[in-house]
Structures are given as structure tokens and as C-alpha cells.
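Peer 1: Numbering follows the working numbering, in which position 52 of the sequence shown is assigned residue number 52; successive positions increment by one, without gaps.
Structure incoming, see below.
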Amino acid sequence: MKRRTRQGNAVRSILRESERPLTAAEIHLRASGRWASLGLATTYRHVRKLAEEGLLVGVDYPGQPTRYEWADGQQKIHFGCRACEKLFAVAEEIDFEEPAPPELPPGFQVNGGEWILYGICPECSQKANSQ
Ligand SMILES: [Zn+2]
Numbered sequence: 001m002k003r004r005t006r007q008g009n010a011v012r013s014i015l016r017e018s019e020r021p022l023t024a025a026e027i028h029l030r031a032s033g034r035w036a037s038l039g040l041a042t043t044y045r046h047v048r049k050l051a052e053e054g055l056l057v058g059v060d061y062p063g064q065p066t067r068y069e070w071a072d073g074q075q076k077i078h079f080g081c082r083a084c085e086k087l088f089a090v091a092e093e094i095d096f097e098e099p100a101p102p103e104l105p106p107g108f109q110v111n112g113g114e115w116i117l118y119g120i121c122p123e124c125s126q127k128a129n130s131q
């Protein structure tokens, strides 16, 4: 039980410290540097559990595995890099007001939305410039 709690805490702190949403595989990769005993299946299990508890939010980037970020209740705008395919949360760094959702046909109820912008991240544009 103690071991499971420690592993769950490891997954939590990785996501809380992360500068961007992570896939379960990325969480596992980061965990294995610090908590060698954390397996991929265990990572998935903890991620699912935290998401069920509402502590994590899944961010879907079309054609890719779901990425997770800490549910801090903040408005999120994501930026998908087309070169490295990483997903970044950029809302806190820019001045951007999310527009109201468009009017939908009768019967559709909006309870969430997602802004994903695409382009090239700073790291990749730096790489491209130095070539
Ligand atoms: Zn990139």
C-alpha cells in the first residue's frame, strides 16, 4: 500500500512540475529517472486513477495519445509543435481572451472547449535557424 502511494505521488509530482502536458509514456520516462521501480503499466494505472478523481485533465491532440496535465482550473490554451509534436500550455504567457463558443444547432450543449494552436516551438525554430 505504501509503495502504491509513493508511486502515485511520483506521478502527481511529475505532472505538477511539468511545463507541458505529458503522455503516460512521457510520465513514465520522467519517473524512471527518479523512481526506477515505476513501470509503464503502473504509470497508466495511476494516470487513469488521477484523471477519474478529476485531478488530471486529458488533452487530446488529434492522432496522438492523450496527454495529461494537472487540473488547476486555469484556462488553458495549447500549442502543438508540428516539428517535435510536443504540446505546450501557453495561456499564462500570452494575453488572449478565449471567444465565446459559436451558436450550435438545437440540442447541443457545450460544457467545455479546447484551443489548440499549431506551429513551431522555440526549441525547434532555434534548431531550424541554426542549420
Ligand atoms: Zn518543437
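Cβ atoms here follow ideal geometry from the backbone N, Cα and C, with glycine treated the same way.
Predicted model, so just to flag it, every value in this text is computed and none were measured.
What's the gap between the Cα of A158 and the Cα of W70?
Peer 2: The question about residue 158 has no answer here: the residues shown for the chain are numbered 1 through 131.
Peer 1: Output the distance between the C-alpha atoms of T66 and E103, rounded to the nearest integer angstrom.
Peer 2: 27 Å
Peer 1: Let's see if you can read the secondary structure: which residues bound the alpha helix (DSSP H) around G33?
Peer 2: Here the alpha helix (DSSP H) through G33 covers A24 to R34.
Peer 1: Could you tell me whether any non-hydrogen atom of ligand 1 is closer than 7 Å to the CB of A89?
Peer 2: False, no ligand heavy atom lies under 7 Å from that Cβ.
Peer 1: Exposed or buried, which one is A31 when buried takes at least 16 other CB atoms within 10 Å?
Peer 2: buried
Peer 1: With distances taken Cα to Cα, identify the nearest neighbour of I120 among L55, F79, F108 and A24.
Peer 2: F79
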